[in-house]
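Student: In full-length UniProt numbering, the protein residues as written are 1 to 131. Built from N, CA and C at the ideal position, the CB exists for glycine as well. First the structure, which I've put down as structure tokens, then a few questions once you've had a look.
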């Protein structure tokens with residue numbers, strides 16, 4: 001049984017940076033498709049991850065990426081954010097600036113929690129980012 005809870009939910013196209021062609025490509029398909037993207041928090045293990053599933057009928061998982069302490073997160077534009085994990089560079093092309101802002105607040109919260117910037121963080125409680 002999972003102890004994870006979603007601290008944000010947005011709609012975005014999940015992209016990967018292709019080093020060989022030097023361009024962004026959609027994750028999981030040849031053409032861009034909107035996905036429902038969550039940031040999940042597991043308070044018992046103090047971990048966070050980004051998970052996205054296509055909104056299409058197959059609900060294919062197009063991202064399942066841990067958020068790592070010290071990870072560099074970049075808001076390139078209000079609608080496009082990116083970060084690097086050990087294997088690749090991820091990008092999210094949000095359907096609205098509001099979704100971008102929601103995701104940014106949750107990602108910043110997760111990175112701050114992992115870097116112990118949240119002094120009052122209680123490992124026994126699950127937090128939801130209130131916007």
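Leaving aside the five residues before and after residue 1 along the sequence, list all residues of the same chain whose C-beta is less than 8 Å from its C-beta, in chain order.
Tutor: Here the question's residue 1 lines up with position 1 in the chain shown. Below a pLDDT of 50, predicted positions are generally treated as unreliable, and residue 1, at 49, falls in that range; the measurement from the model is reported next regardless. Contacts found: none.
Student: Taking the C-alpha atoms as reference points, what is the distance between residue 104 and residue 20?
Tutor: As a position in the chain shown, residue 104 is number 104, starting the count at 1. As a position in the chain shown, residue 20 is number 20, starting the count at 1. Taking the straight line from one Cα to the other gives about 28 Å.
Student: Contact between the segment 42-53 and the segment 73-82 is defined here as three or more beta-carbon pairs at a separation below 8 Å; is this criterion met?
Tutor: With the cut-off at 8 Å, the segment 42-53 and the segment 73-82 do not touch.
Student: Mind checking which residues open and close the alpha helix (DSSP H) that includes residue 104?
Tutor: Your numbering for residue 104 matches position 104 in the chain shown. Taken as a continuous stretch (DSSP letters only), the alpha helix (DSSP H) holding residue 104 covers 97-114.
Student: Buried or exposed: residue 64, going by 16 or more other Cβ atoms within 10 Å of its Cβ?
Tutor: Counting from 1 along the chain shown, the entry for residue 64 is found at position 64. When all chains shown are included, residue 64 counts as exposed.
Student: Once DSSP output is grouped into helix, strand and coil, what is the label at residue 69?
Tutor: Taking the first residue of the chain shown as position 1, residue 69 is located at position 69. Reduced to three states, the DSSP call for residue 69 is coil.
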